[in-house]
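Undergrad:
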Amino acid sequence: MVGLYELENMQLAQQLIRARLRLSVIRALTDVSTLTLRQWWHDIHGVRPANGKLPETVLSFIKDADMAARISSFAVFYKRLNGTTIAPGWLLNTWMEYQRICGDIDINAGYFAVRDVRAHIVMLSRCDKCRAGYIYDTGNKYTDQCPFCQTKVF
Ligand SMILES: [Zn+2]
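Dropping the structure here:
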């Protein structure tokens, strides 16, 4: 018999597959087996899931100031709603709500932003000029200063 907790995780897993979160991340968040997830991905998207290596940090997703601003705002939004705990339902709901308000964002970028802020791999800093929160890291030219002051995205 499938327990209720397990059933809820299975439902979240299929919604996260629809959102195109990487399978190894879904596996870690929901405990649904890789074999099952791969089959569901194929059933839902009609293709096999990507097998490539996961990005090491959120910085891999930040290719310009616009992405730095979007991913930063997702990290701030998630933290305001959920604190630093990562749960599959919270990730999914925050991503859906963010998209409704702010537009498209790769859920993988959102996940890595939250994970890396939580693990202190990157810092959430506050801009002295515009007061926005943003992902600060000296390892990337788009994150070593406030991306909102560099762009007019928001
Ligand atoms: Zn600023």
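For the sequence shown, the residue numbers in this note's numbering are 76 to 229.
Ideal Cβ placement from N, Cα and C applies to all residues, glycine included.
Since this is a predicted model, take the numbers as computed values, not measurements.
1. Where does Y209 fall in DSSP's three states?
2. Under a three-way DSSP split, which group does S108 fall into?
3. If we ignore side chains and look at the alpha-carbon of each, how far apart do T132 and D191 end up?
4. Name the DSSP bridge partner or partners of M198?
5. Is I137 helix, strand or coil when you go by DSSP?
6. Is A207 near ligand 1, in the sense that its beta carbon is under 7 Å from a heavy atom of that ligand?
7. Tell me the DSSP secondary structure of L96 in three-state form.
8. What residue range does the alpha helix (DSSP H) around E172 cover?
9. Taking the continuous alpha helix (DSSP H) assigned at G185, which residues delimit it?
10. Could you say which of N84, N183 and K216 lies nearest to L104 if we only look at CA atoms?
TA: If we stick to the structure as given:
1. strand
2. coil
3. 7 Å
4. Y211
5. coil
6. yes
7. coil
8. P163 to C177
9. I182 to R193
10. N84
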